[in-house]
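*Asks:*
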């Protein structure tokens, strides 16, 4: 069965500093990978996705993620965070064939220090 | 487009009561799903539907019923509420089987069972 691990429950970053959120997945074939963001009291918004092709994908709000098959990772990065980036971030994986939804990681809570 | 809408936003139930969480989308999406979000657990798939008249179970289906009589609506029924069903419930939809994984989420329903 597929699974997603986000090793960091909380991360604190100073405003203007760079950010990297880690995500490791377990899946036998080529995974479909996603990063979602959830602001307090809100639903989930898709930041970016990887299906195939270029392993560095660009998303909204200045985020990017790099797919590394050898490390089974899909880490999310941003060169300079803003206070508005404070939120919960979820990595998710979908199987390549079925329609049985997404498997989510447990999330990383991002705190931005002024 | 309103996107994915959910009602109610908040609900308190007593143990043993039943209720229906409503979900509707106006994007003509074939695929719809329900997730629950619990602290430290990420999102877990309850039920999903690949089209009107077709539903299937996800990871945590016990205690929940769904039906899909129209493309637009995908209600989630709690048959006899239990405190373990206290959670935030999200409905999601996506275009079709080939793009199943790019899902759009509703704002959520926060349910408390006492």
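Protein chains in written order, with the working numbering: chain A, -17 to 96; chain B, 8 to 121.
Just so it is clear, CB atoms sit at the ideal spot from N, CA and C, and this is done for glycine as well.
For clarity, every value in this text was computed on a predicted model and none was experimentally measured.
1) For the beta strand (DSSP E) that contains residue 73(A), what are its first and last residues?
2) List the residues of chain A whose Cβ lies closer than 7 Å to the Cβ of residue 48(B), in chain order.
3) Just verifying my parser: in three-state terms, what is the DSSP assignment at residue 31(A)?
4) For residue 76(A) and residue 95(A), what's the separation of their Cα atoms in angstroms?
5) Determine the direct distance from the alpha carbon of residue 91(B) to that of residue 89(A), and round the result to whole angstroms.
6) Find out if the Cβ-Cβ distance for the pair residue 25(A), residue 113(B) is shorter than 8 Å.
7) Is the shortest distance between the beta-carbon of residue 24(A) and the beta-carbons of chain B less than 8 Å?
8) Mind checking which residues open and close the beta strand (DSSP E) that includes residue 22(B)?
9) Considering only the alpha carbon of each residue, which of 58(B), 65(B), 57(B) lies closest to residue 51(B)?
10) Compute the Euclidean distance between the alpha carbons of residue -9(A) and residue 91(A), then round it to the nearest angstrom.
11) Closest Cβ-Cβ distance between residue 56(A) and chain B: below 8 Å?
12) Could you name the residues of chain A that residue 68(B) contacts, counting a contact when the two beta carbons are closer than 7 Å?
13) Within the chosen definition, does the stretch 28 to 38 of chain B reach the stretch 61 to 80 of chain B through at least 3 CB pairs nearer than 8 Å?
14) Would you check if the distance between the CB atom of residue 59(B) and the CB atom of residue 76(B) is smaller than 8 Å?
15) Is residue 52(B) close to chain A? Criterion is C-beta to C-beta, closer than 8 Å.
16) Output needed for residue 115(B): all residues of its chain with C-beta closer than 6 Å, excluding positions within five of it in sequence on either side, in chain order.
17) For residue 60(A), which three-state DSSP category applies?
18) At 7 Å on the CB atoms, spell out the chain A contacts of residue 114(B), in chain order.
19) Hey, residue 56(A) and residue 69(A): beta-carbon distance below 8 Å or not?
20) I want to see whether chain B comes within less than 8 Å of residue 72(A), judged by CB atoms only; does it?
*Replies:* Let me spell this out:
1) 69 to 76
2) Neighbours of residue 48(B) on chain A, chain order: 88.
3) strand
4) Rounded to the nearest angstrom, the two C-alpha atoms are 33 Å apart.
5) 21 Å
6) yes
7) For residue 24(A), the answer is yes, since a Cβ of chain B falls inside 8 Å of its Cβ.
8) It is not in any beta strand (DSSP E) - residue 22(B) carries neither H nor E in the DSSP assignment.
9) 65(B)
10) Residue -9(A) and residue 91(A) have their C-alpha atoms roughly 6 Å apart.
11) no
12) Those do not exist, as residue 68(B) stays about 12 Å from chain A at its closest Cβ, beyond 7 Å.
13) yes
14) yes
15) yes
16) 95, 97
17) strand
18) 24, 25
19) no
20) yes
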